[in-house]
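Asks: So the protein lines, in turn, are chains A and B. Last residue of the first sequence: 524 (my numbering), numbering continuous. Last residue of the second sequence: 49 (my numbering), numbering continuous.
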Amino acid sequence: MRVVHYINQFFAGVGGEDSAATGPASTPEAKGPGRKLANLLGPDHQIVATVWCGDDYAVGTAGAMDEILTLIQAAEPDLVIAGPAFTSGRYGLACARVVAAATAAGLNAVACMHPDNPGLDEAGAAPVVASGEVARSMGPSLDTLAGAARTLLLGAELTVDDGRIGRLPRRSVLDEANAATRAVDLVLARLAGDRDATEVPLPRFDQVTPAAPVDDPSAVTFAFVTEGGLVPDANPGGLESARATRWLRYPIEDMSRMETGEWRSVHGGFSTVFANADPNRILPLDVARELEGEGRIGALMAEYFVTTGNGTSVANARRFGVEWAADIRRSGARAAILTAT
Amino acid sequence: MGAPRIVRTRGIPYPAGDPSLSPEDEHAWRRRLVEQGLAAVSTHVSQPTVFEVSAE
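#1: Return the Cβ separation of T270 (chain A) and H228 (chain A) in integer angstroms, given the expectation that the two are a contact with Cβ distance under 8 Å.
#2: Report the partner residues of S314 (chain A) according to the DSSP bridge assignment.
#3: P216 (chain A) and V234 (chain A): beta carbons closer than 9 Å?
#4: Looking at the secondary structure, which residues open and close the beta strand (DSSP E) in which W235 (chain A) lies?
#5: With 16 other CB atoms within 10 Å as the buried threshold, where does E382 (chain A) fall?
#6: Mapping the DSSP letters down to three states, classify P415 (chain A) as helix, strand or coil.
#7: Note down, in chain order, all residues in the stretch 446 to 459 of chain A with a beta-carbon under 9 Å from any beta-carbon belonging to chain B.
#8: Compute the Euclidean distance between the alpha carbons of Q256 (chain A) and A306 (chain A), then round it to the nearest angstrom.
#9: Flag A523 (chain A) as yes if its beta-carbon sits less than 9 Å from any beta-carbon of chain B, otherwise no.
#10: Any beta carbon from chain A within less than 9 Å of L26 (chain B)'s own beta carbon?
#11: Given the structure, does T455 (chain A) come close to the ligand HEM, in the sense that its CB is under 8 Å from one of the ligand's heavy atoms?
#12: Do E475 (chain A) and G481 (chain A) come within 9 Å of each other at the CB atom, strictly closer than that value?
#13: Whose C-alpha, out of A:L371, A:T428, A:A394 and A:V356, is nearest the C-alpha of T495 (chain A)?
#14: Checking the sheet assignment: what are the DSSP bridge partners for I520 (chain A)?
#15: If you draw a straight line from the alpha carbon of A519 (chain A) to that of V263 (chain A), how long is it in whole angstroms?
#16: If you measure beta-carbon to beta-carbon, which residues of the stretch 459 to 473 of chain A are closer than 8 Å to chain B?
#17: Rounded to whole angstroms, what's the CA-CA distance from L357 (chain A) to T455 (chain A)? Just pull it up for me.
#18: Tell me whether S401 (chain A) sits in a helix, a strand or coil according to DSSP, three-state version.
#19: Taking the alpha-carbon positions, what's the M248 (chain A) to D304 (chain A) distance?
#20: Please confirm whether D461 (chain A) and M438 (chain A) have their CB atoms less than 9 Å apart.
#21: Is the stretch 392 to 401 of chain A touching the stretch 365 to 381 of chain A, taking contact as three or more C-beta pairs under 8 Å?
#22: Using a Cβ-Cβ cut-off of less than 9 Å, give me the residues of the stretch 35 to 48 of chain B that come near chain A, in sequence order.
#23: Take R447 (chain A) and list the residues in its own chain whose beta-carbon comes closer than 6 Å to its own, dropping the five residues that flank it on each side.
#24: What are the boundary residues of the alpha helix (DSSP H) that P396 (chain A) is part of?
#25: Please work out which residues of its chain come closer than 8 Å, Cβ to Cβ, to G444 (chain A), disregarding the five sequence neighbours upstream and downstream, and give them in chain order.
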């Protein structure tokens, strides 16, 4: 059967961070990790195309998924495989969106990433199987992925036994044991030391590995970010007061402070009277410029980023974080201060 | 909530201020907050860590 493999610019051998803005392309053969994957899939299945794309382009460009899907569909796959993306945020988001788009288009698809990858929730109804944390675990990750792929190509569904992670679609099935028996089984499992067994997995809040400290703030460009909903007074970008689905960026170059009357907070979760009376209470630009002038901060990024942190979904918040980190890194800034209301 | 480095402030509606202070004192407080932020990003942490700013 025909398999199309999606990978990013790094695993395609095109380049690293410097090539992250490259648009999608397709090549009619297995590439990078796809070569080993092709061996593991065996002689009955063939990787007929590798579709790859720069991570920034894939997650940051409107219409990127349509372009990628068009390339995938051109190869007429029986199955679309994306990854493994390990814990790479943008790559994970891209893989999740690729399999979500492929599934929505009626294709069979599976992605592979670590359970902590922020992209996991974006796969929607498409199945995702677990990879290791970093590329060093490529071997076992490909074993899991190839096994899942073979199962899907047989027309079967993936379960946790195949390494499936993320939200499982709920279906009614008839179990041989009734609820009371299963509940007692779970209690016994817990008493025996199994703390993970459950029939109702709860959402997980992942741990973030702290970034390394900056050596010298006076040599570093700082980004300022806020979830306090602070926008130009007319709110030209239409930032939401709650359940934000987007973030915005506004220039602060050539400004020594946030002037009263020119900015306001649209946050719907607290009284914005104090913020509007002095917007530096949300974005401390006045003292940041002082510290920059004294040489204690190397420089300030030319724009600040803003969203509204009020009932914002974890999935959206994760996405904002990934996009901010990529944008800040690309700008050359190496530290960020986020004011949280 | 998983943020690795946290500088504790005085109230949700004014993370970088304190309206109970005079304008001069509030400015000084905001400056100490950002200075503590610079110290925080320059400090190695292995888990979410709260950095306190002294009142004076």
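Built from N, CA and C at the ideal position, the CB exists for glycine as well. The structure displayed is predicted, hence computed values, not measured ones.
Replies: Working from what's here:
#1: The count along the first sequence starts at 1 and reaches residue 270 (chain A) at position 87. The count along the first sequence starts at 1 and reaches residue 228 (chain A) at position 45. With a Cβ gap of about 28 Å, T270 (chain A) and H228 (chain A) do not count as contacting.
#2: Here residue 314 (chain A) is taken as the residue at index 131 of the first sequence, counted from 1. The partner list for S314 (chain A) (beta bridge, DSSP) is empty, contrary to what the question assumes.
#3: Within the first sequence, residue 216 (chain A) is the residue found at index 33, counting from 1. Within the first sequence, residue 234 (chain A) is the residue found at index 51, counting from 1. Contact: no.
#4: Here residue 235 (chain A) is taken as the residue at index 52 of the first sequence, counted from 1. Element bounds for W235 (chain A): Q229 to C236.
#5: Looking up residue 382 (chain A) in the first sequence gives position 199. Result: exposed.
#6: The count along the first sequence starts at 1 and reaches residue 415 (chain A) at position 232. Correct three-state label for P415 (chain A): strand.
#7: S448, H450, G452, F453, S454, T455, V456, F457 and A458
#8: Stepping through the first sequence from its first residue, residue 256 (chain A) is reached at position 73. Stepping through the first sequence from its first residue, residue 306 (chain A) is reached at position 123. The alpha-carbon atoms of Q256 (chain A) and A306 (chain A) are separated by roughly 18 Å.
#9: For the purposes of this step, residue 523 (chain A) is identified with residue 340 of the first sequence, where counting begins at 1. Yes - at least one Cβ of chain B is within 9 Å of the one on A523 (chain A).
#10: Taking the second sequence and counting its residues from 1, one reaches residue 26 (chain B) at position 33. Output row for L26 (chain B): interface = yes.
#11: Here there are no bound small molecules, and the ligand HEM is not part of this structure.
#12: Residue 481 (chain A) sits at position 298 when you count from the first residue of the first sequence. Residue 475 (chain A) sits at position 292 when you count from the first residue of the first sequence. In contact: G481 (chain A) and E475 (chain A) (Cβ atoms closer than 9 Å).
#13: Start at 1 with the first residue of the first sequence, and residue 495 (chain A) comes out as number 312. The shortest C-alpha separation from T495 (chain A) is found at A:T428.
#14: In the first sequence, counting from the first residue as 1, residue 520 (chain A) sits at position 337. Answer by DSSP bridge pairing, in chain order: A:F407.
#15: Here the question's residue 519 (chain A) lines up with position 336 in the first sequence. Here the question's residue 263 (chain A) lines up with position 80 in the first sequence. C-alpha separation (whole angstroms): 37 Å.
#16: A460, D461, N463, R464, I465, L466, P467, D469, V470, A471 and E473
#17: In the first sequence, counting from the first residue as 1, residue 357 (chain A) sits at position 174. In the first sequence, counting from the first residue as 1, residue 455 (chain A) sits at position 272. If you take the alpha carbons of L357 (chain A) and T455 (chain A), they lie about 53 Å apart.
#18: Within the first sequence, the letter at position 218 stands for residue 401 (chain A). Note: S401 (chain A) maps to helix in three-state DSSP.
#19: Against the first sequence, residue 248 (chain A) aligns to sequence position 65. Against the first sequence, residue 304 (chain A) aligns to sequence position 121. Computed Cα separation, rounded: 17 Å.
#20: Within the first sequence, residue 461 (chain A) is the residue found at index 278, counting from 1. Within the first sequence, residue 438 (chain A) is the residue found at index 255, counting from 1. Cβ distance not < 9 Å, so D461 (chain A) and M438 (chain A) don't count as in contact.
#21: no
#22: S35, T36, H37, V38, S39, Q40, P41 and T42
#23: The residue you call residue 447 (chain A) lines up with position 264 of the first sequence. For R447 (chain A), where only same-chain residues beyond five positions count, the Cβ hits under 6 Å are D416 and N459.
#24: Taking the first sequence and counting its residues from 1, the one referred to as residue 396 (chain A) is at position 213. That residue, P396 (chain A), is in no alpha helix (DSSP H); it is neither H nor E in DSSP.
#25: Residue numbering aside, residue 444 (chain A) sits at position 261 when the first sequence is read from its first letter. Correct list, in chain order: D416.
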